[in-house]
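Comments concern the structure below.
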Ligand code: PEP
Ligand code: MG
């Protein structure tokens with residue numbers, strides 16, 4: 089018989105934290121906490137496998153489930169000495185979803201389940217407070233009505249509003265037990281009117297309703313969106329956790345809170361968290377009341393810390409913090425409730441954190457001996473480093489402060505104000521940078537938060553939805569900026585007499601919580617401290633070298649600053665576009681004969697020589713791969729008449745002749761046209777000029793520094809061995825000429841890009857004339873798929889949505905097809921030349937999953953854009969360590 093139900097607490101722990109796939113994160117950790125002796129109210133978990141079985145069987149449960157649930161429920165009843173539906177000692181439970189990974193977007197919690205017209209009296213007696221009992225009952229009916237029975241939650245609010253008017257009071261808290269009784273009656277009428285059935289009084293029926301709602305919520309649109317954004321397979325399913333209720337809202341000796349064992353924004357090793365006296369858990373997260381800090385040290389004037397309000401409980405929580413960190417060896421995010429001064433732990437999990445915190449926590453924990461360096465390297469998600477490498481506000485830049493909120497997620501962002509998630513998504517889709525401004529956010533807003541560059545809310549604390557989700561997504565966020573008033577109808581936000589309209593720019597500083605009117609200048613981040621330490625550990629662990637794709641001096645300097653070990657791709661065509669050169673380039677292209685081309689090329693030579701002189705100087709001794717001209721010539725051509733006439737004038741041709749030449753050069757399929765080495769073969773003078781510039785530039789650096797650079801000259805788009813033979817001979821001829829002219833020589837190598845399927849398939853033959861291969865995976869993906877890299881954006885997202893492709897193959901390597909091509913080429917190339925140097929220089933060179941693939945085929949290096957160099961260094965280390973890191977950030 090399959091076991092679908094696992095008990096925890098009260099000395100009967102059937103689960104452990106390793107069972108998170110089966111029990112979900114929450115269920116597995118509740119069992120673990122109970123097993124290590126922490127105070128956990130007893131309960132049970134229905135497995136994620138049941139969720140899968142439920143969907144496979146068209147929403148039917150297996151026969152044995154009911155018996156297993158009853159037995160587990162009986163165990164709770166015995167442990168707490170209370171019975172479901174009892175008039176005197178009723179058992180109340182909470183019902184929560186809990187997937188393998190935490191998933192905001194799933195079903196809301198149902199609390200106080202088990203209350204009915206009879207047991208509410210029992211609760212009133214137990215709490216010695218009828219008001220509390222009736223308030224709990226109405227909360228339960230309201231939650232159950234909206235979450236399980238699908239009645240619009242606004243309708244419940246209306247009933248409370250009417251009750252307040254009838255009673256002549258303003259606050260909920262001023263309603264009497266009798267008023268709440270009337271509210272409950274109103275709720276029950278509403279539910280019966282909406283659903284055609286009375287509100288269920290049988291606690292077991294209530295329980296099955298809630299269990300069904302949790303499993304049903306696995307397929308709700310919010311959950312589906314969240315899964316899509318986070319690559320969570322639908323087949324994982326969710327578990328259901330049923331647990332004896334404890335109350336944080338029974339009076340002023342009760343409380344509830346959320347805390348982190350370290351600061352999730354900065355990673356500082358301080359106890360960090362918030363609590364509310366006399367409240368239920370959801371009140372803290374919902375951001376309706378302003379929570380108070382945990383520790384005295386973290387309290388501002390006017391705030392009362394838990395340390396002061398309930399010192400014994402605080403002391404116990406300090407113990408719990410250290411027990412959990414030692415046990416899980418990671419930063420924990422916990423929820424607790426204090427009922428009449430007794431502490432209960434309701435949840436623990438690895439806490440979500442910003443990239444900065446992730447880095448600091450990993451490095452600190454390694455220093456503290458909780459984890460080793462290898463584990464620290466595996467703990468940080470390489471892609472999240474991006475957040476640390478991007479600019480922050482320049483402290484010296486002028487700015488106009490609008491308001492201040494909580495520093496909920498660090499980083500800075502400027503963008504146009506939008507007031508809805510849908511609008512954020514649609515404007516971002518058109519390439520605008522937007523800041524999403526909401527009073528507060530909810531799981532329905534996730535798509536807009538993802539599309540926005542930053543998030544601003546006017547309500548809620550550091551653990552509000554906006555704060556938690558923004559940190560997870562790496563978006564800067566200012567939360568709870570209470571000084572700002574948002575008017576959705578007027579599409580404005582205002583503070584201190586200043587009004588900002590939709591579409592106007594604001595700037596957020598998520599590290600300080602400040603909001604500014606207009607844009608603010610930003611500065612580059614620093615690479616030292618914990619970042620430097622982790623990178624050093626990563627460098628010690630990796631095998632792959634990391635180079636950068638760079639052509640300008642600025643790019644090359646940035647690349648070195650980020651730790652690049654050379655240049656893997658210098659796209660020389662980018663050097664042709666500068667204003668003072670493009671004119672010569674155009675004359676070269678438009679010239680009708682070789683003599684005309686050579687004349688223009690000789691004017692370009694000094695520019696190119698100086699380019700290489702600078703690159704070699706900056707890269708001092710590191711390898712520099714220079715790719716000869718690649719794109720089709722027409723990309724450089726002018727189209728406006730004035731520009732055409734200007735080129736014509738220089739060449740002594742009229743406008744009409746120029747137009748004809750442009751038409752001649754136009755291609756139907758330029759990506760498959762006259763580009764790459766095909767240019768070098770048909771117009772040898774182009775590659776000759778570039779080779780001369782490289783050798784002359786390199787000899788100049790050798791003379792200036794005494795250290796001759798080692799140029800690696802790369803021929804693009806080779807598909808036939810002969811193409812490489814011909815272009816190689818051109819370069820070698822120029823080398824001989826230059827060396828003879830200057831009476832000096834230097835070492836150089838000539839290799840090719842492998843970016844066409846034919847080249848990959850005959851790589852053994854090509855290797856006979858190549859000193860190295862560099863995989864051009866942008867073109868290789870384009871040609872292996874027969875998929876235009878410039879047009880695929882129109883339909884690829886649909887392919888990914890429909891699951892035809894797991895990811896965009898231009899972002900992350902298609903291991904199955906393109907990867908196979910690389911594997912074949914690497915094997916064949918090495919068969920001919922065992923020491924053939926192999927690298928990758930397409931966009932994939934900076935993508936962690938693609939880097940993991942490069943490790944499996946044992947490439948020598950990856951090359952990526954300068955900003956991604958640290959990402960690649962860390963990803964290469966993780967690939968070498970051979971395990972996907974525990975990526976909590
Ligand atoms: C490639 O094709 O992967 C490559 C690096 O070259 P480019 O993007 O310049 O075509
Ligand atoms: Mg290419």
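Residue numbers (the numbering used here): 89 to 977. We put the CB at the ideal spot given by N, CA and C, even for glycine.
If we count Cβ pairs, one from each stretch, closer than 8 Å, do we get three or more for the segment 534–546 versus the segment 306–323?
yes
* To do: Quick one: measure Cβ to Cβ for residue 435 and residue 117, integer angstroms, because I've assumed they're closer than 8 Å.
  => Taking the chain shown and counting its residues from 1, the one referred to as residue 435 is at position 347. Taking the chain shown and counting its residues from 1, the one referred to as residue 117 is at position 29. Contact between residue 435 and residue 117 holds: their C-beta atoms lie close to 7 Å from each other, under 8 Å.
Same chain, Cβ closer than 6 Å to residue 962, neighbours up to 5 away in sequence not counted: As a working mapping, residue 962 is identified with position 874 in the chain shown. Once the five neighbours on either side are set aside, the close Cβ partners of residue 962 are 470, 626.
**Study point:** Beta-carbon proximity list for residue 106, same chain, < 6 Å, skipping 5 on both sides
**Key:** Here the question's residue 106 lines up with position 18 in the chain shown. The answer is none, since no qualifying residue turns up.
| said: Following a CB-centred definition, is residue 101 positioned closer than 7 Å to any heavy atom of the ligand MG? | reply: Here residue 101 refers to the residue found at position 13 when the chain shown is read from its first residue. For the ligand MG, not one heavy atom lies less than 7 Å from the Cβ of residue 101.
Self-check item: Segment contact, 8 Å Cβ cut-off, at least three pairs: the segment 796–808 with the segment 828–836
Solution: yes
With 16 other CB atoms within 10 Å as the buried threshold, where does residue 639 fall? One-based indexing of the chain shown puts residue 639 at position 551. Per the 10 Å Cβ criterion, buried.
>> Given this structure, state the Cα-to-Cα distance separating residue 333 from residue 291, to the nearest angstrom.
In response: Numbered from its first residue, the chain shown carries residue 333 at position 245. Numbered from its first residue, the chain shown carries residue 291 at position 203. Residue 333 and residue 291: Cα-Cα distance of roughly 14 Å.
Contact check, residue 186 vs residue 114, beta carbons under 8 Å:
Counting from one through the chain shown, the residue named residue 186 turns up at place 98. Counting from one through the chain shown, the residue named residue 114 turns up at place 26. Yes, these two residues count as a Cβ contact at 8 Å.
Exercise for review: Starting from the Cα of residue 386, find the closest Cα among 362, 168, 378 and give me that residue.
Suggested key: The residue given as residue 386 occupies position 298 in the chain shown. Nearest C-alpha to residue 386: 362.
- Query: When burial is assigned at 16 or more other CB atoms within 10 Å of the CB, is residue 410 buried or exposed?
  - Reply: Residue numbering aside, residue 410 sits at position 322 when the chain shown is read from its first letter. Exposed is the call here.
Q.
Can you confirm whether the segment 838–856 touches the segment 807–814 when touching is taken to mean that 3 or more C-beta pairs between the two stretches lie within less than 8 Å?
A. When C-beta atoms of the segment 807–814 are compared with those of the segment 838–856, three or more pairs fall below 8 Å, so the two segments count as touching.
Quick one, what's near the ligand GTP if you take every residue whose CB is closer than 5 Å to any heavy atom, in chain order? For the structure depicted, the ligand GTP is absent and the ligand set comprises only the ligand PEP and the ligand MG.
- Leaving aside the five residues before and after residue 976 along the sequence, list all residues of the same chain whose C-beta is less than 6 Å from its C-beta, in chain order. Counted from its first residue, the chain shown places residue 976 at position 888. Model confidence at residue 976 stands at a pLDDT of 34, short of 50, so the residue's coordinates are unreliable; what they give is reported in the following sentence. Cβ within range, chain order: 438.
Nearest by alpha-carbon distance to residue 690: which of 465, 865, 673 is it? For the purposes of this step, residue 690 is identified with residue 602 of the chain shown, where counting begins at 1. The candidate whose alpha carbon is nearest that of residue 690 is 673.
Task: alpha helix (DSSP H) segment containing residue 347, residue limits - done: As a first step, residue 347 is located in the chain shown; it is residue number 259 there, counting from the start. Segment 343–348 is the beta strand (DSSP E) holding residue 347; no alpha helix (DSSP H) there.
**Request:** Would you check if the distance between the CB atom of residue 111 and the CB atom of residue 98 is smaller than 8 Å?
**Result:** Here residue 111 refers to the residue found at position 23 of the chain shown. Here residue 98 refers to the residue found at position 10 of the chain shown. Cβ distance not < 8 Å, so residue 111 and residue 98 don't count as in contact.
Close beta carbons around residue 364, own chain, < 8 Å, minus the five adjacent residues each side = Here residue 364 refers to the residue found at position 276 when the chain shown is read from its first residue. Counting only Cβ-Cβ distances below 8 Å, and skipping sequence neighbours, we find 336, 343, 344, 345, 371, 372, 377, 379, 380.
Margin query: Based on DSSP bridge pairs, tell me the residues matched to residue 492.
Written below: Position 404 of the chain shown, counting from 1, holds the residue named residue 492. In the DSSP output, where bridge partners are listed per residue, residue 492 has 602.
Own chain residues within Cβ distance below 7 Å of residue 764, not counting five before or after
In the chain shown, counting from the first residue as 1, residue 764 sits at position 676. These residues qualify, in order along the chain: 718, 804, 805.
Pairing CB atoms from the segment 485–497 with CB atoms from the segment 589–598, are three or more of them under 8 Å?
-> yes
Could you compute how far the alpha carbon of residue 648 sits from the alpha carbon of residue 232? Translated into the one-based positions of the chain shown, residue 648 becomes position 560. Translated into the one-based positions of the chain shown, residue 232 becomes position 144. Cα-Cα distance, rounded: 59 Å.
Report yes if the CB atom of residue 358 is closer than 8 Å to the CB atom of residue 328, and no otherwise. Position 270 of the chain shown, counted from the start, is the residue given in the question as residue 358. Position 240 of the chain shown, counted from the start, is the residue given in the question as residue 328. No, these two residues do not count as a Cβ contact at 8 Å.
So is residue 91 buried or exposed if we call it buried at 16+ other beta carbons inside 10 Å?
In the chain shown, residue 91 corresponds to position 3, counting from 1. It counts as exposed.
Of the choices 563, 615, 864, 573, whose alpha-carbon is the least far from that of residue 353? Working through the chain shown from its first residue, we reach residue 353 at position 265. It is 563 whose Cα lies nearest to the Cα of residue 353.
Exercise for the section: Could you tell me whether the segment 937–949 touches the segment 629–637, using the rule of 3 or more Cβ pairs below 8 Å? Expected result: yes
Any non-hydrogen atom of the ligand PEP within 7 Å of residue 386 CB | Against the chain shown, residue 386 aligns to sequence position 298. Not one heavy atom of the ligand PEP lies closer than 7 Å to the C-beta of residue 386.
When you compare the segment 679–695 with the segment 927–938, are there three or more beta-carbon pairs, one atom per stretch, that lie closer than 8 Å?
no
### Inter-residue spacing [alpha-carbon to alpha-carbon] between residue 136 and residue 412
Taking the chain shown and counting its residues from 1, one reaches residue 136 at position 48. Taking the chain shown and counting its residues from 1, one reaches residue 412 at position 324. Residue 136 and residue 412: Cα-Cα distance of roughly 25 Å.
- Could you give the C-beta distance for residue 583 and residue 544, rounded to a whole number, given that I count them as a contact under 8 Å? In the chain shown, counting from the first residue as 1, residue 583 sits at position 495. In the chain shown, counting from the first residue as 1, residue 544 sits at position 456. Approximately 11 Å separates the beta-carbon atoms of residue 583 and residue 544; this is outside 8 Å, ruling out the contact.
ask   = Is any heavy atom in the ligand PEP found nearer than 7 Å to the beta carbon of residue 718?
value = Counted from its first residue, the chain shown places residue 718 at position 630. Result yes, Cβ under 7 Å from the ligand PEP.
* Just tell me which of 553, 746, 281 has its CA closest to the CA of residue 733. => For the purposes of this step, residue 733 is identified with residue 645 of the chain shown, where counting begins at 1. Looking at 553, 746, 281, the one whose alpha-carbon comes closest to that of residue 733 is 746.
- prompt: Does the segment 237–244 come within contact of the segment 192–211, defined as at least 3 CB pairs closer than 8 Å?
  reply: As far as the Cβ criterion goes, the segment 237–244 does not touch the segment 192–211, which means the pair count is below three.
So, residue 941 versus residue 901, is the Cβ gap smaller than 8 Å? As a working note, residue 941 is residue 853 in the chain shown. As a working note, residue 901 is residue 813 in the chain shown. Yes, Cβ-Cβ distance for residue 941 and residue 901 is below 8 Å.
Original post:
What does a CB cutoff of less than 7 Å around residue 189 pick up in its chain, not counting 5 residues either side in sequence?
Top reply: Along the chain shown, one-based indexing puts residue 189 at 101. Cβ neighbours of residue 189 beyond the five flanking positions: 113, 320.
Query raised in the report: What is the rounded straight-line gap between the Cα of residue 95 and the Cα of residue 262?
Result: Residue 95 sits at position 7 when you count from the first residue of the chain shown. Residue 262 sits at position 174 when you count from the first residue of the chain shown. Computed Cα separation, rounded: 40 Å.
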